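These notes are about the structure you will find just below.
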Amino acid sequence: MANDVKLHSIKKNETALKVVIYVVSIFFSIMTLFPFVMLICNSYKSTYEVQASTLSLYSKAPFKNLAFNWKQITSKDAFHPGVGFRNSFIVATLSTILNVYFSCLTAYAITAYEWKLREGFNAMIMAVMMIPGTVTMIGFFQFAYSIGLVNKLSALILPSIAAPMVVFFMRQYLQASLSMEIVQSARIDGAGEFRIFNQIVIPLMKPAIATQAIFAYVGSWNNLFSPMILLTDKNKKTLPVMVSLLNGDIYKKEYGAIYLGLLITVLPLIVVYAFLSKYIVEGVALGGVKS
41 MANDVKLHSI KKNETALKVV IYVVSIFFSI MTLFPFVMLI CNSYKSTYEV
91 QASTLSLYSK APFKNLAFNW KQITSKDAFH PGVGFRNSFI VATLSTILNV
141 YFSCLTAYAI TAYEWKLREG FNAMIMAVMM IPGTVTMIGF FQFAYSIGLV
191 NKLSALILPS IAAPMVVFFM RQYLQASLSM EIVQSARIDG AGEFRIFNQI
241 VIPLMKPAIA TQAIFAYVGS WNNLFSPMIL LTDKNKKTLP VMVSLLNGDI
291 YKKEYGAIYL GLLITVLPLI VVYAFLSKYI VEGVALGGVK S
C-alpha cells in the first residue's frame, strides 16, 4: 500500500514537472516568435498605423498598404531588391562554404597531426578570437584598396576563409568525435589525406557543419559594417545596406516600407535555417545514442 502511495506521488510530481516545462517552453517560444510576427504585421501597415501602435496586429487596408509599401521601396533609387538579393546570396553562400570548409580543414590538421608548433598555432587562434573585427577594418580596407578589391564582392568573401571561432568549435567537436583508428585504417588502405578528409571526416562533422553554417550564413547575410565601407557602387550593395538606406530620409520616413524591406531581408535566413536545422537535430540525437 505504501509503495502504491509513493508511486502515485512520484507520478504526480512528474506530471507537474512536465506541465511546468511545457508552460516555460511555450512562453519562450512566443517570446522568440513575437518580434517576427510584429515584423510581418508592420510590413502591411501604413506609416500612421505603425506610429500609432507598433504592437497592433490590425490594419484597415492591409493589402492596399502592402502594395503601397512595395511601391515605395521599389521606387527609390537606392533600393533594388533583385540586385541586393543577388549580391547578398552570392556573398553569404560562398563565404559560408569557404568559412566552414577551411575551418574544418584547419581543425582537422590541428587534431589529427602531431607537429611542433601545433600548440602555439592553437594559442594564436585563441588570441585572434579576442580581437574585435572593427579594430582591423581600417588596415583591411587599406589592404583591399591596394590590391584592387574595393567595390568587389570578393572583398567580403575571401576573408571568411580565416574564421578563428569556427576553427575552435570544429576542433572541439573533432576531439570528441573523431576516431584516429578510422583515419589510420584509411591510410593503410592507401587513401590520400584529402580523400580521408572529404569522405570520412566531413560526413562525420555534419551536425557541427550545419550549426556553424547557420551562424556563418546569418552573420554574412546581415553584415552591414563591412559592405558599407568596401562597397560604394550601388550595383554591388547587399540587401542589408539597401534596407539601411531606406531609413535615410529625415523629412519623411515610410515605416511600413522599412518594415517590408526588413521582412524581405529576413525571409531567406528562415529558409536556410529550415533546411539545415534537421542536421542539428540528427546530431543531438546521435550524441544521445552514443552516450
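In the numbering used here, the protein residues as written are 41 to 331. Built from N, CA and C at the ideal position, the CB exists for glycine as well. Predicted model only: the values in this text are computed from it and were never measured.
Helix, strand or coil at residue i according to DSSP, with G and I counted as helix
{"i": "G232", "result": "coil"}
{"i": "E294", "result": "coil"}
{"i": "Y213", "result": "helix"}
{"i": "K330", "result": "Here the model assigns K330 a pLDDT of 45, short of 50, so the residue's position is not dependable and the matter cannot be decided."}
{"i": "K51", "result": "helix"}
{"i": "S115", "result": "helix"}
{"i": "P204", "result": "helix"}
{"i": "V190", "result": "coil"}
{"i": "P172", "result": "coil"}
{"i": "K274", "result": "coil"}
{"i": "L218", "result": "coil"}
{"i": "W155", "result": "coil"}
{"i": "Y84", "result": "coil"}
{"i": "A149", "result": "helix"}
{"i": "K100", "result": "coil"}
{"i": "T72", "result": "helix"}
{"i": "T133", "result": "helix"}
Neighbourhood of residue i by C-beta distance below 7 Å, restricted to the same chain and skipping five residues each side
{"i": "N162", "result": "I150"}
{"i": "Y313", "result": "I254"}
{"i": "K330", "result": "Because the pLDDT at K330 is just 45, under 50, the model does not fix this residue reliably, and the value given afterwards should be weighed accordingly. Correct list: empty, nothing qualifies."}
{"i": "A118", "result": "K274, M282, L285"}
{"i": "I113", "result": "F119, L286, A297, L300, G301"}
Cβ shell of residue i (< 8 Å), same chain only, five flanking positions each side left out
{"i": "V332", "result": "Lying before the first or after the last residue shown, residue 332 is absent from the chain, which here runs from 41 to 331."}
{"i": "K116", "result": "L285, L286"}
Contacts around residue i, its chain only, beta-carbon distance under 6 Å, and the 5 residues preceding and following it disregarded
{"i": "R235", "result": "none"}
{"i": "T94", "result": "none"}
{"i": "M268", "result": "V281"}
Integer-rounded CB distance, given that residue j should sit under 8 Å from residue i
{"i": "F181", "j": "L270", "result": "7 Å"}
{"i": "V131", "j": "L196", "result": "5 Å"}
{"i": "V241", "j": "P204", "result": "With 8 Å as the limit, V241 and P204 do not qualify as a contact, their Cβ atoms being about 20 Å apart."}
{"i": "M245", "j": "C144", "result": "6 Å"}
{"i": "Y295", "j": "V63", "result": "The Cβ separation is near 35 Å, so there is no contact."}
{"i": "L106", "j": "S86", "result": "With 8 Å as the limit, L106 and S86 do not qualify as a contact, their Cβ atoms being about 10 Å apart."}
Is it true that the stretch 126-145 meets the stretch 258-266, where meeting means three or more beta-carbon pairs spaced less than 8 Å apart?
Touching, yes.
Check whether the stretch 117-127 and the stretch 267-282 are in contact - that is, three or more C-beta pairs closer than 8 Å.
At 8 Å Cβ cutoff, the stretches touch.
Three-pair Cβ contact test at 8 Å for the stretch 101-114 versus the stretch 203-222:
Judged by Cβ distances under 8 Å, the stretch 101-114 makes no contact with the stretch 203-222, as fewer than three pairs qualify.
Any contact of the stretch 106-125 with the stretch 241-255, i.e. 3+ C-beta pairs under 8 Å?
In short, these stretches do not touch, since the Cβ pair count stays below three.
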